[in-house]
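Asker: Residue numbers (full-length UniProt numbering): 1 to 574. Every residue gets a Cβ at the ideal spot worked out from N, C-alpha and C, and that includes glycine.
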Ligand code: HEM
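Next up, the structure:
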């Protein structure tokens, strides 16, 4: 087996955010909230509106960026690149508009706001696009079409429409749009998360379902995870003795990486210093770049230019991560050659066993697969746990009930095990309620239409990007009573799980692309949350009041808490 020598490529399917704010006013839009309403303005009106807005938008770009959460240099990159795009694309757009006039589409797109010339509806999005699109869906309906730059995008905002996409038409909507931040080092040709549905993808999914994330594999590795959580608790114990606050997100991020690295490679990839410390940085950098709005994703003509340098920077990060995995695989291969080869019973052993029969599973494949498992598994798990802890701290009654259940089933202060999870329905309900209000991947991973698809009389055109706004579905008052309250009790009676069968709650997606790491994620989440609250009491820092807690969101590849949760662990009396 040889290390991958290809040059990096990037994918950033989730970077559909434009860090641009709304203009003070916007072009007229249809107001119907149903699926079956009249089509858009006439082309003449549209052309006038487009012309007006083309003139209007340029001066707004810098102002719009002031509210972005991106670092200053990225903002400047974005602004200058945006101006460049406007100039560069005008000519192309005029030509395309002319051609478009000659070739009127024969299908009926779902309703949506009017696209401006060149940039389409990018200005309709704020730095919280899940919220902007939720508002737009109230005007245009649960199946809505927009132009994100040049990319036709369909946004799904109801459980019924989610079912159409994730179940009824799943077979035609299971490919992905591939962001530039993913198209590095040939990753787009290996990535389980981004390759199209194909024999390779089916093979990889089969390996995930039948081996890597199979119940017996996860059972076999549960002690390793318990040790890592014990380590987390010891570190928190130190803070407890010093009366210091713990940054929950940072602590969980590190533990999650080690939970995954021990499950996959039987090693800690994050320690306090040295090269291993670098791994945490690398994963953070990769996920941050995947979440950074990239003009090249909205204007394919810019792909070659890489105007913000995202692809170039991502290639460096991915190369380093792949190199770390190469060394781990190489080391294990050498160990397995010896006469007293250790059996680790981890995912790497499983993959290397597979490689003996299946040529596809070579070192390069293992490197890229491991990349996806870390990138897909770390931020998602971390943000869910930070939100869950925040909600529990903010809702003392719910916290008390959770502790009561743990006390009854496990004993206050005793270690929580993965095998205890089935006996903790209230803790499970807390995680579901967290997924409902704070879905870590608010649009799932973008799907792409393989062909024209008809849904409720509207056409999702071939190659359109499809986003399912699970954030707004989780807050839909026609489904949920008091949707903005954190109320886990609602899941104790309702027969709703997160396995992709109940389209009102699909944090892991659905259909054939449903998250393969769901079972591992659920185990890690319940193990960590149960351990944190069964081992300590938690109070806010510096006499801060519950009502002062900032629950604002920050959009990126995952939906994070804008202000990190800092809470002080207090020794429990048991
Ligand atoms: C709270 C934790 C997690 C959440 C909320 C989550 C959510 C998601 C979502 C929404 C998708 C896209 C599904 C779709 O398109 O319908 C996905 C895909 C994926 N997830 Fe997760 N995930 C989590 C944890 C994990 C973990 C721990 C792993 C592995 C260690 C993982 C690996 C993957 C992979 C490889 C894919 C791509 C699957 C494909 O495209 O075929 N995820 N996840």
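Identify the residues that DSSP records as bridge partners of residue 490: which are they?
Answerer: Residue mapping note: residue 490 aligns to position 490 of the chain shown, counting from 1. The partner list for residue 490 (beta bridge, DSSP) is empty, contrary to what the question assumes.
Asker: Report yes if the CB atom of residue 329 is closer than 7 Å to the CB atom of residue 286, and no otherwise.
Answerer: To locate residue 329, count along the chain shown from 1; it is residue 329. To locate residue 286, count along the chain shown from 1; it is residue 286. Taking 7 Å as the Cβ cut-off, residue 329 and residue 286 do not qualify as a contacting pair.
Asker: Do residue 291 and residue 517 have their C-beta atoms within less than 7 Å of each other?
Answerer: By 1-based counting over the chain shown, the position of residue 291 is 291. By 1-based counting over the chain shown, the position of residue 517 is 517. Contact: no.
Asker: Quick one: measure Cβ to Cβ for residue 145 and residue 109, integer angstroms, because I've assumed they're closer than 8 Å.
Answerer: Walking along the chain shown from the start, residue 145 turns up at place 145. Walking along the chain shown from the start, residue 109 turns up at place 109. That belief holds up - the Cβ atoms of residue 145 and residue 109 are roughly 4 Å apart, short of 8 Å.
Asker: I'd like the span of the beta strand (DSSP E) that includes residue 459, first residue to last.
Answerer: Walking along the chain shown from the start, residue 459 turns up at place 459. Per DSSP, residue 459 belongs to the beta strand (DSSP E) from 458 to 460.
Asker: Can you list, in chain order, the residues of its chain whose CB lies under 8 Å from that of residue 420, leaving out five sequence neighbours each side?
Answerer: In the chain shown, the residue the question calls residue 420 occupies position 420. Sequence-distant Cβ neighbours of residue 420 in its own chain, meaning closer than 8 Å and more than five residues away, are 409, 410 and 530.
Asker: How far does the beta strand (DSSP E) with residue 154 in it reach, from first residue to last?
Answerer: Within the chain shown, residue 154 is the residue found at index 154, counting from 1. Counting along the chain, the beta strand (DSSP E) containing residue 154 begins and ends at 151 to 156.
Asker: If we require 4 or more residues per run, which alpha helix (DSSP H) segments fall completely within the region 255 to 341?
Answerer: 275 to 291, 295 to 298 and 310 to 337
Asker: Quick check on DSSP: helix, strand or coil for residue 199?
Answerer: Here residue 199 refers to the residue found at position 199 of the chain shown. Note: residue 199 maps to helix in three-state DSSP.
Asker: By the three-class DSSP mapping on this structure, what secondary structure does residue 425 have?
Answerer: If you number the chain shown from 1, residue 425 lands on position 425. Helix at residue 425.
Asker: Which runs of the alpha helix (DSSP H) at least 4 residues long sit entirely within the region 437 to 517? Give them in chain order.
Answerer: Qualifying alpha helix (DSSP H) stretches, in chain order: 470 to 473 and 490 to 493.
Asker: Residues in the same chain with beta-carbon distance under 6 Å from residue 325, minus the five sequence neighbours each way, listed in chain order, please.
Answerer: Within the chain shown, the letter at position 325 stands for residue 325. Contacts found: 367 and 370.
Asker: Have a look at 176, 573, 383 and 107 and flag the residue whose alpha-carbon is nearest the alpha-carbon of residue 524.
Answerer: Reading the chain shown from its first residue, position 524 is the one you call residue 524. Of 176, 573, 383 and 107, the residue nearest in Cα terms is 383.
Asker: Between residue 521 and the ligand HEM, is there a pair consisting of the residue's CB and a ligand heavy atom that are separated by less than 6 Å?
Answerer: In the chain shown, the residue the question calls residue 521 occupies position 521. Because some heavy atom of the ligand HEM lies under 6 Å away, the Cβ of residue 521 counts as near it: yes.
Asker: Name the two residues that bound the continuous beta strand (DSSP E) containing residue 145.
Answerer: Position 145 of the chain shown, counting from 1, holds the residue named residue 145. 143 to 148 is the span of the beta strand (DSSP E), which, as asked, contains residue 145.
Asker: Kindly list the residues whose CB is nearer than 8 Å to the CB of residue 563, restricted to its own chain and excluding five residues on each side of it in sequence; keep chain order.
Answerer: Within the chain shown, numbered from 1, the residue matching residue 563 stands at position 563. Excluding positions up to five away in sequence, the list reads 550 and 552.
Asker: Determine the direct distance from the alpha carbon of residue 213 to that of residue 504, and round the result to whole angstroms.
Answerer: Sequence index remark: in the chain shown, residue 504 carries index 504 (1-based). Sequence index remark: in the chain shown, residue 213 carries index 213 (1-based). Each residue's alpha carbon lies about 25 Å from the other.
Asker: Count the other CB atoms, across all protein chains shown, that sit within 10 Å of the CB of residue 422; report buried if there are 16 or more and exposed otherwise.
Answerer: Position 422 of the chain shown, counted from the first residue, corresponds to residue 422. Per the 10 Å Cβ criterion, exposed.
Asker: Around the C-beta of residue 360, are 16 or more other C-beta atoms found within 10 angstroms, so that it is buried, or is it exposed?
Answerer: In the chain shown, counting from the first residue as 1, residue 360 sits at position 360. By the neighbour-count rule (16 or more Cβ atoms within 10 Å), residue 360 is not buried but exposed.
Asker: Just confirm the distance between the C-beta atoms of residue 169 and residue 455, as a whole number of angstroms; I'd bet it's less than 8 Å.
Answerer: By 1-based counting over the chain shown, the position of residue 169 is 169. By 1-based counting over the chain shown, the position of residue 455 is 455. That pair is a contact at about 7 Å.
Asker: How long is the line joining the alpha carbons of residue 229 and residue 222, rounded to whole angstroms?
Answerer: Taking the chain shown and counting its residues from 1, one reaches residue 229 at position 229. Taking the chain shown and counting its residues from 1, one reaches residue 222 at position 222. Cα atoms of residue 229 and residue 222: separation of roughly 11 Å, rounded to the nearest angstrom.
Asker: Under 7 Å between the Cβ atoms of residue 175 and residue 196?
Answerer: Translated into positions along the chain shown, residue 175 becomes position 175. Translated into positions along the chain shown, residue 196 becomes position 196. Yes. Within cutoff.
Asker: Out of curiosity, what's the CA-to-CA distance linking residue 362 and residue 398?
Answerer: Sequence index remark: in the chain shown, residue 362 carries index 362 (1-based). Sequence index remark: in the chain shown, residue 398 carries index 398 (1-based). Their Cα atoms are separated by approximately 48 Å.
Asker: Determine the burial state of residue 210: buried for a count of at least 16 other Cβ atoms within 10 Å of its Cβ, exposed for fewer.
Answerer: Counted from its first residue, the chain shown places residue 210 at position 210. By the 10 Å Cβ count, residue 210 comes out exposed.
Asker: Quick one, which of 394, 125 and 413 has its alpha-carbon nearest residue 547's?
Answerer: For this step, residue 547 is matched to residue 547 along the chain shown. That would be 394, whose Cα lies nearest to the Cα of residue 547.
Asker: Report the CB separation of residue 533 from residue 392 in whole angstroms; it is logged as a contact under 8 Å.
Answerer: Translated into the one-based positions of the chain shown, residue 533 becomes position 533. Translated into the one-based positions of the chain shown, residue 392 becomes position 392. Going by Cβ atoms, the distance from residue 533 to residue 392 rounds to 7 Å, so yes, they are a contact pair.
Asker: Does at least one heavy atom of the ligand HEM sit under 6 Å from the Cβ of residue 429?
Answerer: As a working note, residue 429 is residue 429 in the chain shown. Residue 429 Cβ: outside cutoff for every heavy atom of the ligand HEM.
Asker: Sorry if obvious, but does the Cβ on residue 384 come closer than 6 Å to a heavy atom of the ligand HEM?
Answerer: As a working note, residue 384 is residue 384 in the chain shown. It does: the Cβ of residue 384 is within 6 Å (strictly closer) of some heavy atom of the ligand HEM.
Asker: Does the region 456 to 472 come close enough to the region 430 to 445 to have 3 or more Cβ pairs within less than 8 Å?
Answerer: Yes, the region 456 to 472 touches the region 430 to 445.
Asker: If you draw a straight line from the alpha carbon of residue 508 to that of residue 167, how long is it in whole angstroms?
Answerer: Walking along the chain shown from the start, residue 508 turns up at place 508. Walking along the chain shown from the start, residue 167 turns up at place 167. Approximately 14 Å, taken between the alpha carbons.
Asker: Below 8 Å on the Cβ atoms is my contact criterion, and I expect residue 464 with residue 154 to pass it. Report the Cβ-Cβ distance as a whole number of Å.
Answerer: Sequence index remark: in the chain shown, residue 464 carries index 464 (1-based). Sequence index remark: in the chain shown, residue 154 carries index 154 (1-based). With 8 Å as the limit, residue 464 and residue 154 qualify as a contact, their Cβ atoms being about 5 Å apart.
Asker: Would residue 234 be called buried (16 or more neighbouring beta carbons within 10 Å of its own) or exposed?
Answerer: By one-based count along the chain shown, residue 234 stands at place 234. Result: exposed.
Asker: At a cut-off of 6 Å, is residue 125 close to the ligand HEM when judged by its beta-carbon and the heavy atoms of the ligand?
Answerer: As a working note, residue 125 is residue 125 in the chain shown. For the ligand HEM, not one heavy atom lies less than 6 Å from the Cβ of residue 125.
Asker: Helix, strand or coil for residue 175, going by three-state DSSP, please let me know.
Answerer: Counted from its first residue, the chain shown places residue 175 at position 175. Strand, per DSSP.
Asker: Express the C-alpha separation of residue 498 and residue 506 in angstroms, rounding to a whole number.
Answerer: Reading the chain shown from its first residue, position 506 is the one you call residue 506. Reading the chain shown from its first residue, position 498 is the one you call residue 498. When rounded, the distance between both Cα atoms is 6 Å.
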